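In the working numbering, the protein residues as written are -12 to 496.
Reviewing the structure listed below.
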Amino acid sequence: MNHRQLYQNQDAPEEAVDTTVLRDIKKNIDILKKQFDKCSDVKFRPLMVGKNDAYIIFVDGLIDAKSIEFHALKQLLVDLPDDNLTAEYLEKNIVSVNQVVESNKLSDLVKQVLHGSSILLVDQLDKALVLDAKGGTSRSVAEPDTESVVRGPREGFTENLGVNTALVRQKIRSKELKLVSKEVGTQTNTTIAIMYMENLAPPELIEEVLSRIDRIEIDAVLESGYIEELIEDSPASFFPQIQNTERPDTVAANLLEGRVSILVNGTPFALILPVSFWQFIQSSEDYYQRFHISIFLRILRVTLLFLALLLPAFYIAITTFHQDMIPTNLLFSIAASREAIPFPVLVEAFIMEMAFEALREAGIRLPKVIGQAVSILGALVIGQAAVEAGIVSAPMVIIVSLTGIASFTVPRFNMAISIRLLRFPMMILAGVFGLFGVVIGSIILLTHLNKLRSFGVPYFHPLGPLKWSELKDVFIRVPWWDMDQRPEQFTGQNVVREEKNLKPSPKNN
């Protein structure tokens, strides 16, 4: 027995793990009741099937009670022939639930009950029927709050894995879309689904993803973030190497470029891999608007991303070490505003940045209506009061506000928060070494980014290494009629996306 099997079975009674379904139903029920001891939500519903004792076992709240009543109980509570009473006969002639599976292992029955299935045990039968009638309460499909769009689909993933995979299937109606199910977490037994296009995703990528997931040995997986941290290439890096999304259209678009998606039961956030740095500054809406708008928005996002990272550092460096770079009138204005400030520029910047981050965090954690008021009014009131009290200068309030606004324009939260964190070491380098510190920090950052890999794919692809043919969808987004190939780095099998010469042309009158 390997370590994983020992860990999974250390708390389970040996008889339930190894025993097959017995013909004596009383012994079966005794074993199962020991397994579900002190589990008051697990129900054992006795009934008569023909002249034999029987039980339906289920977890209250995880099943569709009406489906069990209509498709199982009503058909079973009738006179049945004693001579043909077999599990196969019940499956094919009596029970009308959509999916019925026979099982002769009590350990499998325990697992199926905990997954929301119902179990039918009949006396004198050495097999049980697993009735797939999962139900319970679940959130309906709605627009995701984290990735809202002006133009595009309004549906987002829910916490139900079956609903999520169906949403992707609705986008890609192809037999090439494959789904591999696995269970992770020795206590939670969380179901995950690995989705990919068989004709597009590289086989070595699929094999690597499955291998990394198989190596996971943990007691619980409650959200896709658990999986993300356990399978990424460089967990110590500030930068995310796996994209998460709530949007089925985003998952479908990435699957069609040869990537792999991991969906986890119990969370609306799906994982996409491999990724490049540039994916985190792209929005799904870029592909729904006309390409002129998308080009403008992408250039704007890239510019603001650099501002979010470097603007406070540049201000600290210039006002502390390089005053000769500031125009004279502006220098006099900054000097006048800082005349009564008791702190150095670096300390002043840290005070304002920490206050801004605290307000932003408070706005997220508080109830939505209150949080919006706290984040907006708090920033205005604190900023105004700090300037009047002579704690910070007015130019610093402007710099911090512009930096905060710039960080909000990054479409992916995990990349935006990475930029926010890296802003602080850049500020320290600027406060100690001036612009030389900013340059040193930028070189270290670029070196790190060029060394990063996401499942073997260079993080700066297609800029590092340079791939001219794939720059059509990085800083700009060319028209669809010119985007005729998929990224070769992600799919080496079928790079052709569309036929050539699709550019619209006016008819000759």
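All C-beta atoms in this analysis are idealised placements derived from N, C-alpha and C, irrespective of residue type, glycine included.
The structure displayed is predicted, hence computed values, not measured ones.
For residue i, the nearest candidate out of the options (CA to CA)
i	options	result
F57	L118, Q99, S27, T7	L118
P466	T178, K20, Y274	Y274
P227	A372, R399, R285, T73	R399
A323	A372, S270, L287, S380	S380
R10	A41, P140, K25, V29	A41
V461	K38, I286, A417	I286
D28	I338, L19, D47, L34	D47
S54	L72, G122, N39	G122
L63	V82, K162, L433	V82
N481	A120, P190, I200	P190
A372	M339, S456, Q111, G37	M339
F442	S221, R464, I386	S221
N178	D110, G253, L291	One detail in the question is off: residue 178 reads as Thr in this sequence, not Asn. Per the Cα distances, G253.
V87	S320, L436, A115	A115
Boundaries (first-last residue) of the beta strand (DSSP E) holding residue i
i	result
V46	39 to 46
S257	As written in the sequence, residue 257 is Ala, which differs from the Ser given in the question. Residues 257 to 260.
R32	29 to 36
S456	From DSSP, S456 is part of no beta strand (DSSP E); its letter is neither H nor E.
A115	115 to 118
K165	164 to 171
V87	87 to 90
V100	First-last for V100: 93 to 101, but that is the alpha helix (DSSP H), not the beta strand (DSSP E).
CB of residue i within 8 Å of CB of residue j, strictly
i	j	result
L107	I50	no
L298	L389	yes
K459	D469	yes
L19	L96	yes
I200	V208	no
L258	L164	no
I16	F31	yes
S90	F45	no
S281	R464	yes
R288	I313	no
E272	V136	yes
I203	L217	yes
Alpha helix (DSSP H) segment containing residue i, residue limits
i	result
Y183	Looking at the DSSP string, Y183 is not in any alpha helix (DSSP H); the run it does join, the beta strand (DSSP E), is 177 to 184.
S248	Element bounds for S248: not the alpha helix (DSSP H) but the beta strand (DSSP E), 247 to 251.
N231	No alpha helix (DSSP H) contains N231, which is instead part of the beta strand (DSSP E) from 230 to 232.
I159	No alpha helix (DSSP H) holds I159; DSSP gives it neither H nor E.
L107	Run containing L107: none in the alpha helix (DSSP H); it sits in the beta strand (DSSP E), 105 to 109.
H448	Premise fails: H448 is in no alpha helix (DSSP H) and is neither H nor E.
Anticipated Cβ contact below 8 Å, residue i with residue j, distance rounded
i	j	result
V171	L197	Not really, about 12 Å apart at Cβ, beyond 8 Å.
N500	L101	Since the first residue of the chain shown is -12 and the last is 496, residue 500 is not available in this structure.
E134	R234	5 Å
A300	A417	4 Å
D236	P140	5 Å
V36	D113	Not confirmed; about 15 Å, so no contact.
For the 8 Å Cβ check, are there 3 or more pairs between the region 443 to 450 and the region 261 to 276?
yes
The region 181 to 197 contacting the region 244 to 259, beta-carbon criterion three pairs below 8 Å:
yes
Quick check: the region 271 to 288 against the region 406 to 413, are there 3 or more CB pairs under 8 Å?
no
Pairing CB atoms from the region 71 to 88 with CB atoms from the region 147 to 161, are three or more of them under 8 Å?
no
Counting pairs of Cβ atoms below 8 Å between the region 288 to 307 and the region 316 to 335, do you hit three or more?
yes
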